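Some notes on the structure that comes next.
Residue numbers (the UniProt record's numbering): 1 to 605.
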């Protein structure tokens with residue numbers, strides 16, 4: 001299973017820092033805005049209340065004085081709150097006194113009123129400092145003349161930056177003798193609020209810095225074990241199930257690390273169990289002598305055991321053609337029988353394969369197919385040889401027995417003249433000897449297959465080669481074949497009678513299959529630890545396809561040869577059994593039309 005890693009632009013540390021900083025900024029920003037608004041409104045309202053109280057007090061004092069002269073004297077003695085301006089208006093809105101200065105009686109210093117106008121309106125071109133009366137409208141005057149005490153938050157007018165806090169109250173009632181108007185600038189309060197805002201800003205910056213430090217420390221504390229677990233999980237994904245070290249916390253992160261370690265241990269045990277099961281299954285499959293091949297659903301090879309590789313000769317140059325033939329047959333079987341087991345016997349060259357194929361089923365459907373291929377060539381050939389052997393033995397026994405029976409009956413019935421009976425008796429004796437040789441060869445095969453122990457002795461190879469030459473020169477001359485036996489040397493530790501039997505079989509075959517005028521050679525090659533003896537003829541040779549079976553029992557290259565020309569196919573089987581019983585080996589080389597060479601390798605000791 002592939003694991004896709006998602007790369008994020010922000011790490012957990014940055015996310016934690018950003019979240020904490022944003023939270024602190026939001027809290028401090030909201031708190032600063034709320035406090036600024038509350039404190040500003042509180043201080044402004046407090047100032048208005050103070051102006052209102054002061055205006056009421058001044059109005060009461062002025063109302064207690066019966067004439068304007070006394071009132072003016074009273075105003076001169078008043079001490080206003082710092083930053084407070086006083087304007088005394090008559091009921092028509094004319095300025096009588098401004099900021100403690102005394103105007104002339106009947107002075108007409110008035111301003112232009114703007115009924116219901118917005119604060120901060122035009123002053124009709126007057127060039128002077130703003131007064132409280134500049135923010136006092138006719139509506140405000142009417143309210144005060146009706147006996148009300150009012151307070152006003154006056155906004156800047158005429159595009160200026162100055163604002164005014166006002167409090168107005170009537171002087172006397174029924175009739176109203178004048179209006180006391182007090183004004184104060186809100187700038188000190190605004191400066192205090194600005195200072196408070198700066199304090200909140202500085203506190204926010206300090207909080208952001210502290211949040212950064214704290215969040216980084218906290219993020220490192222959180223992300224370090226997460227990083228360890230991430231690297232541990234990556235190792236586990238690659239098959240390294242070592243436990244995660246370095247996570248010591250007892251919180252949820254520590255529990256997660258313990259869970260990952262437990263999962264890694266479980267995966268390790270499970271993978272070990274799966275590996276054991278796989279090795280066991282693979283060992284079983286590899287130990288099977290039959291070829292086992294797994295095919296995917298599209299027909300490609302998923303697995304093949306050593307027997308399968310040997311079947312299509314994996315190490316041979318012609319592997320591709322042979323492998324392609326086998327795979328093509330398997331693919332055809334898989335397509336033909338997709339759901340059930342399939343059985344088929346096919347022939348590839350000289351090999352006969354028995355194939356059993358079954359589908360590999362899963363919950364999702366068929367994943368592929370498993371095929372077991374068994375090379376039944378040897379068993380079929382053995383069965384065929386057995387039948388041929390029985391037929392040959394029957395024939396070989398029946399023919400001489402019939403001849404013997406016929407000759408003896410003829411002699412008994414005196415059908416054959418007495419002067420010719422000796423000749424027929426010789427024929428009967430010859431047939432009896434042939435039957436005895438057949439039985440003897442069968443006994444030899446049985447004796448060797450039972451693993452009878454050889455009786456080795458030190459053989460003088462020079463004398464042994466001379467004996468071969470003397471024994472077969474006569475027959476070679478009769479057949480018109482040249483026999484050349486090289487001189488032997490050294491000693492060989494072997495069973496001399498059995499070794500002589502090997503060369504009798506080989507030389508008998510070589511002389512029988514070599515045309516007149518050709519040569520049969522016997523020579524010896526000495527190696528460091530072994531001796532090689534070679535019988536080479538210039539006969540017709542052995543077909544290439546027959547070479548793998550030349551040492552099999554009952555195998556004859558030319559089955560059309562007569563009993564007189566060929567034996568029962570047991571001679572070379574006896575040769576191989578004797579050589580292998582000595583710990584050696586025998587091999588054959590042959591070219592059609594050029595001859596055959598048998599190489600016998602025997603250990604020196």
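Where is the CB? At the ideal position from N, CA and C, for every residue including glycine. Values in this document were obtained by computation on a predicted structure and should not be read as measured data.
Quick check on the burial criterion: 16 or more other C-beta atoms within 10 angstroms. Buried or exposed for residue i?
| i | result |
| --- | --- |
| residue 383 | exposed |
| residue 183 | buried |
| residue 271 | exposed |
| residue 602 | buried |
| residue 18 | exposed |
| residue 413 | exposed |
| residue 498 | buried |
| residue 75 | buried |
| residue 47 | buried |
| residue 263 | exposed |
| residue 1 | In this prediction, residue 1 has a pLDDT of 42, which is less than 50 and means its spatial position is unreliable; nothing more can be read from the coordinates. |
| residue 138 | exposed |
| residue 544 | exposed |
| residue 79 | exposed |
| residue 323 | buried |
| residue 386 | exposed |
| residue 12 | exposed |
| residue 570 | buried |
| residue 582 | buried |
| residue 166 | buried |
Comparing alpha-carbon positions, which option in the options lies nearest residue i?
| i | options | result |
| --- | --- | --- |
| residue 311 | 302, 325, 390, 500 | 325 |
| residue 173 | 440, 374, 438, 62 | 62 |
| residue 608 | 21, 33, 492 | In this structure the chain extends from 1 to 605, so residue 608 is not present and cannot be described. |
| residue 176 | 211, 147, 204, 295 | 147 |
| residue 676 | 187, 168, 185, 186 | No answer is possible for residue 676: it lies beyond the span of the chain, which begins at 1 and ends at 605. |
| residue 58 | 90, 529, 181, 203 | 181 |
| residue 349 | 550, 67, 546, 211 | 546 |
| residue 426 | 526, 403, 443, 201 | 403 |
| residue 197 | 454, 541, 408, 40 | 40 |
| residue 45 | 268, 220, 580, 186 | 186 |
| residue 358 | 347, 378, 333 | 333 |
| residue 154 | 140, 145, 305, 135 | 135 |
| residue 298 | 330, 267, 273, 287 | 330 |
| residue 434 | 401, 422, 417 | 401 |
| residue 171 | 93, 189, 60 | 60 |
| residue 352 | 438, 35, 381 | 381 |
| residue 477 | 417, 495, 512, 457 | 512 |
| residue 140 | 89, 305, 540 | 89 |
| residue 516 | 540, 265, 502 | 540 |
| residue 33 | 65, 201, 87 | 201 |
| residue 532 | 97, 580, 604, 69 | 604 |
Going by DSSP, what residue range makes up the alpha helix (DSSP H) through residue i?
| i | result |
| --- | --- |
| residue 461 | 461–479 |
| residue 531 | Taken as a continuous stretch (DSSP letters only), residue 531 belongs to no alpha helix (DSSP H), being part of the beta strand (DSSP E) at 530–537. |
| residue 183 | No alpha helix (DSSP H) contains residue 183, which is instead part of the beta strand (DSSP E) from 178–184. |
| residue 137 | From DSSP, residue 137 is part of no alpha helix (DSSP H); its letter is neither H nor E. |
| residue 286 | 252–287 |
| residue 203 | 187–237 |
| residue 307 | 306–311 |
| residue 521 | Careful: residue 521 lies outside any alpha helix (DSSP H), inside the beta strand (DSSP E) at 519–526. |
| residue 346 | From DSSP, residue 346 is part of no alpha helix (DSSP H) but of the beta strand (DSSP E) over 342–348. |
| residue 572 | 571–581 |
Along the beta strand (DSSP E) that carries residue i, what are the first and last residues, could you check?
| i | result |
| --- | --- |
| residue 591 | 585–591 |
| residue 493 | 491–494 |
| residue 595 | 595–603 |
| residue 291 | 291–296 |
| residue 546 | That residue, residue 546, is in no beta strand (DSSP E); it is neither H nor E in DSSP. |
| residue 150 | 150–154 |
| residue 247 | Unbroken run through residue 247: none, as it is neither H nor E. |
| residue 164 | 164–171 |
| residue 557 | That residue, residue 557, is in no beta strand (DSSP E); it is neither H nor E in DSSP. |
| residue 632 | As displayed, the chain neither begins before 1 nor continues past 605, which places residue 632 out of reach and without an answer. |
For residue i and chain D, any beta-carbon pair shorter than 7 Å?
| i | result |
| --- | --- |
| residue 342 | Within the model displayed, chain D is absent; a lone protein chain is all it includes. |
Between residue i and the ligand GDP, is the CB less than 6 Å from at least one heavy atom?
| i | result |
| --- | --- |
| residue 252 | For the structure depicted, the ligand GDP is absent and the ligand set is empty, with no information on it obtainable. |
Going along the chain, which unbroken runs of the alpha helix (DSSP H) with 4 or more residues stay wholly within the region 45–99?
68–77
Closer than 8 Å is the cut-off here; do at least three beta carbon pairs connect the region 204–221 with the region 16–32?
yes
Hey, is the region 478–487 in contact with the region 516–524, meaning 3+ C-beta pairs nearer than 8 Å?
yes
Taking three-plus beta-carbon pairs below 8 Å as touching, is the region 191–209 in contact with the region 220–238?
no
What ranges does the beta strand (DSSP E) occupy inside the region 365–389, keeping only unbroken runs of at least 3 residues that lie completely in it?
For the region 365–389, the full-length beta strand (DSSP E) segments reaching 3 residues or more read 365–375 along the chain.
Does the structure place the region 288–298 close enough to the region 364–383 that three or more beta carbon pairs sit under 8 Å?
Enough Cβ pairs lie closer than 8 Å, so yes.
Segment contact flag, the region 536–545 with the region 584–603, C-beta cutoff 8 Å, min 3 pairs:
Judged by pairs of C-beta atoms under 8 Å, the region 536–545 touches the region 584–603, as three or more such pairs exist.
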